[in-house]
Structure formats: structure tokens, C-alpha cells
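Some notes on the structure that comes next.
Chains as they are written, first to last, in the working numbering: chain A, 1 to 395; chain B, 396 to 530.
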């Protein structure tokens, strides 16, 4: 791989051990994926935060790294969700032991100047790369959003790779950084209109079929931004989709369709309903309803508040979001409405990365296909996938 | 002494005994970071320790958290001395660099056979060479 003179100095250790190691990671990844060079990035998004997933090994690595004053991000960098709500962990029932470890991880990232906003939706809180810009993001749902909806260019980076990229301000130029790799390889044609959880079910279905493919969707109706958040998350969790296009909706669709569409998948109401049924592992009523996967937008929070206004919940409800949306929801009075009905606005974390299996819940209700996919395997709990209105139990 | 060319993934030098498997290895769940023993019951090396040996495998697999496991093995003094792969993949490559373990790849399949039989091997991750010492 070709390195500029400046990059060579970074690689040889002239700027200290952390930059040297970070460059080694980028160069090794570049060699593995046959990159010809590095590219400068304008944004990074770093996963590998929950103590539940990275454990003591990750904690030690990050603390070691953060001790080096050279370990500072060079570009706007935000952090993925943590394993607990960093402020209300005790009220929610998380253990002090887990939380203490989690706080140390988040602090280490903060010391390296990764913004500890702890969200999987950085694009809702100001980490918004422009079309055509090279970035290094690692949260799979955010990668799908950045590539597909924003038209920025990123591979699915691993946590340490994204951190190395943030510290060097560079990443290896391969895969989705090259325009020729951003074209679709198959068409998905909808035969029915979509709403609500249909988008997640569609993503789950297509992700399973296309794996790492780049689907081109022809929809019957115009989606909302929040719908696409759910579609991308599902595509990236049942498959490994990093980029998709939607005819007349996403920024690169005009150049994305191959001259001859090789495969076409037709999706009708029956198929979507079949997927929805399969995503639930039980028909029991959930004792905890967990919304906000990916993290809720302010509008989604408003919708929940409007539904709950003046009513009382019988089951527990968590609406997961970022600290930024939480603060705005406080000002708008949504938080108060949700809390008065017995629900909670939870921030910094979510049902996938939090140790909810420690909290004595049996059945988790979700309106996210990604969450439905992960909760049984990562938390060992039963899951019900449905519209939020059907999951909540009102007095 | 025989010398074979290879590609550098992680810099540094180490010399020692080979532990070899023709099966790829997942570090998360596949290796116990406290002992360095392989605990994946479906792996041919199950029960054997890779601590202070030169690990010779086709490549890695499994969760990306595996990179952190390699780092933890280094912290626990249970890590391999060096890693040789046919084709490196990001999980082990990143972990080896994080832990400062020399790692090389792109050896020819017949070299893999020679190394698998060798007793004393040096991985030179600075110059992209593997040396086999014959006693």
C-alpha cells in the first residue's frame, strides 16, 4: 500500500506509540483488503463500548491507550451506546459492579476525545457527514444509514479499527470508499405499501437473502426518515448490508442500478407477515416493552408521548434514545408525559447492549426487527415483535 | 536454516515452537484468555495451550471482540509468541497489533506443511521472513 511521506512518519513512530499502532492497524486492514492507499476522513463513529460485549479485555486496552496524551481523535468522533444509562442506572436496576466498569470504558473514550454521546444514531445528533465524504463508522445500522441515506462512504469498521481511524484521521481506501463498489447487485420490488414495522420486517427478510449484497428497492410509497432508520438496521443485522438504494429516494439511486438487473426479489404482504410471525419467539404479553432501536428520534418520542398521554401502563416501558434527544424531550414535556404513564426515557444504552437478562424480565416487546433478531441470542430472553401500540398494556 | 518470504501484518520478532491447526480459530469463545488453552470443543486443538508458542493457522473467524481477547491474553501472559496465517483477516490482525504480537501471512501452502513439522521457528515481522532452524 502506498503511504505519503507524512503517513510513513506516522507509521514509523515519529509521533509516538499510539499513532504508530493505529497506523499499523489501518495499514494491515488496507493490505488485507487490497487498498492502494489511505484516505482522509471527516468523521468517525466508534463501537465496542458496552462492558457486556468487550469485557475486561476491552476495558484494559482502552485505559492503556487513553494514558498516552497522543491518543486524541483528529476528526469529529462519536461513541456507540454503552451497557447502562450512565445517569439512571441504579433506578433501572443495573448493578454497581457492571456500571463501574462501564463508566471506566466511557471515561477512557472521553479522554481520547471521542464524544461520549453514546448513541447508534449519530446522524440525528450532529455527526452528519456530507455526500461523497470518506468516513470511518462501525455501528452497522449507522453504516447503512450513512452510506445509503447520506451518501457518505464507509466500510463496516470494527471498533478498534474505527478508533485507529479517528486517531489518525484516515482510513484504508477500499470497498465502499470506491464509487465502482457502490452499485446495486439486485432489485427488490415491493408489491404492497409499507408502514410501521413493515420496514424492519422487509430489512430482515432481504438481509437474510442478500447477505453482504447491495439491494435496490422499488417501493410503492414514500418512506419517512425514521422508517429508513429501521430498514437499514434490520438489513445490517440479519445480513451484513452496508449500502442500499431506493428508487427516487436515496441520493445515489440514479447511478446504482446495473445495466441488466440480474435478480429481482418480489415482496408482498404475505411474505412480510410471515417474517413478522417468525421474529416473535412467544405470544405472551411482554413484561418490558423496549423501543428505540436504533435510538429514537424526537418525533418518535413525541408519538409515544401522544399515545400515552393521560394513560397508565401495566407493563414496563423503556424508550431508548441519545442524551441529546432526551434533553430536547425534557424541554418539550414528552419525558414527563411518558414518566407519568409509568414508562421511562432511557438514554446512553439499549436493549441489545444492556445486560437486561440481569433485571428479571422474561418477555421483551420490541418494534424493531434488529432488536427482535438480537434479544433472544444476546440476552437469552423471549421476544415479541409488533407495533408499539400492540405491545403496551394499558390500564 | 531455511528462510521463507511472507507478508508483514504486525511488526516484531519472536522465536519458538509451532502449534499448528488446519482449522481456523475464533478467539472469542474459542480460547480461554486466563490459561491460553483452546476451549472450542469442535476445534482439533481443544485442550491444548497456545501460550508462548507460534500459532500456525489458516486464518481467524468469529466475533470482532476476538481482537480484545488477544490483547487480554497478552496482558495475562497467555498469548502466543507470534501468529502465522495463510490469509490474515481483520479480527486476528487487529488483535495482534493491539497486543504487539508479531504476525505474518501469505505463505505458500507447501511452506505451511514445512512449518507444521518444524520444531524451531523464528517469525521476523520486521523484514517479512520466517526462518526454520534445523537442529
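The beta carbon of each residue, even a glycine, is placed where N, CA and C say it ideally should be. Source: prediction; values computed, not measured.
One or two residues paired with residue i in a DSSP bridge
i	result
residue 189 (chain A)	A:218, A:266
residue 118 (chain A)	DSSP, once it has assigned bridges, lists no residue as partnering residue 118 (chain A).
residue 134 (chain A)	A:153
residue 444 (chain B)	B:432
residue 229 (chain A)	BP columns for residue 229 (chain A) are empty, so no partner.
residue 528 (chain B)	B:515
residue 455 (chain B)	B:420
residue 62 (chain A)	According to DSSP, which records beta bridges pairwise, residue 62 (chain A) is partnered with nothing at all.
residue 498 (chain B)	B:405, B:478
residue 320 (chain A)	A:346
residue 410 (chain B)	B:517
residue 385 (chain A)	A:366
residue 40 (chain A)	A:170
residue 246 (chain A)	A:217
residue 397 (chain B)	B:527
residue 313 (chain A)	A:394
residue 76 (chain A)	A:43
residue 32 (chain A)	DSSP, once it has assigned bridges, lists no residue as partnering residue 32 (chain A).
residue 128 (chain A)	Bridge partners of residue 128 (chain A): none, in fact.
Neighbour flag for residue i against chain B, beta carbons, 9 Å
i	result
residue 259 (chain A)	no
residue 25 (chain A)	yes
residue 31 (chain A)	yes
residue 204 (chain A)	no
residue 312 (chain A)	no
residue 286 (chain A)	no
residue 53 (chain A)	yes
residue 48 (chain A)	yes
Min CB distance residue i to chain A below 9 Å
i	result
residue 524 (chain B)	no
residue 404 (chain B)	yes
residue 495 (chain B)	yes
residue 470 (chain B)	yes
Neighbour list for residue i in chain B, Cβ cutoff strictly below 7 Å
i	result
residue 57 (chain A)	428, 463, 464, 466, 467
residue 160 (chain A)	462, 489, 493
Interface residues of chain A facing residue i [CB-CB closer than 7 Å]
i	result
residue 434 (chain B)	Within chain A, no residue comes near residue 434 (chain B); the closest Cβ sits about 16 Å away, beyond 7 Å.
Interface residues of chain A facing residue i [CB-CB closer than 9 Å]
i	result
residue 443 (chain B)	None at all; the shortest Cβ gap to chain A is about 21 Å.
residue 398 (chain B)	What residue 398 (chain B) touches in chain A: nothing, since even the nearest Cβ is about 21 Å away.
Residue i: contacting residues in chain B (beta-carbon distance under 9 Å)
i	result
residue 28 (chain A)	403, 404, 405, 483, 485, 488, 489, 491, 492, 498
residue 21 (chain A)	492, 493, 495
Proximal chain B residues relative to residue i, where beta-carbon distance stays under 8 Å
i	result
residue 37 (chain A)	Simply none; closest approach about 17 Å.
Contact set between residue i and chain A, taken where Cβ atoms lie within less than 8 Å
i	result
residue 473 (chain B)	Here the premise fails: no neighbours, minimum Cβ distance about 12 Å.
Segment contact flag, the stretch 22-38 of chain A with the stretch 115-133 of chain A, C-beta cutoff 8 Å, min 3 pairs: no
Validate contact between the stretch 197-214 of chain A and the stretch 66-82 of chain A using beta carbons, cut 8 Å, 3 pairs: no
The stretch 17-31 of chain A touching the stretch 170-187 of chain A, judged by at least three CB pairs closer than 8 Å: yes
Members of the stretch 60-86 of chain A near chain B, C-beta cut-off 7 Å: 60, 61
Contact set between the stretch 369-392 of chain A and chain B, restricted to residues whose Cβ is under 9 Å from the partner: Within the stretch 369-392 of chain A, no residue has its Cβ closer than 9 Å to any Cβ of chain B.
At least 3 beta-carbon pairs within less than 8 Å: the stretch 397-416 of chain B vs the stretch 301-312 of chain A: no
The stretch 298-308 of chain A contacting the stretch 259-279 of chain A, beta-carbon criterion three pairs below 8 Å: no
The stretch 453-468 of chain B contacting the stretch 53-68 of chain A, beta-carbon criterion three pairs below 8 Å: yes
Given 8 Å, three or more beta-carbon pairs between the stretch 83-94 of chain A and the stretch 351-366 of chain A: yes
Segment contact, 8 Å Cβ cut-off, at least three pairs: the stretch 144-163 of chain A with the stretch 40-55 of chain A: The stretch 144-163 of chain A makes contact with the stretch 40-55 of chain A: 3 or more CB pairs, one atom from each, lie closer than 8 Å.
Three or more C-beta pairs below 8 Å linking the stretch 336-355 of chain A and the stretch 314-324 of chain A: Taking 8 Å as the limit for Cβ pairs, the verdict is that the stretch 314-324 of chain A does touch the stretch 336-355 of chain A.
Inter-stretch contact (C-beta, 8 Å, three-pair minimum) for the stretch 420-439 of chain B and the stretch 396-403 of chain B: no
Touching by the beta-carbon criterion (3+ pairs, under 8 Å), the stretch 275-282 of chain A and the stretch 376-394 of chain A: Output reads yes: the stretch 376-394 of chain A touches the stretch 275-282 of chain A.
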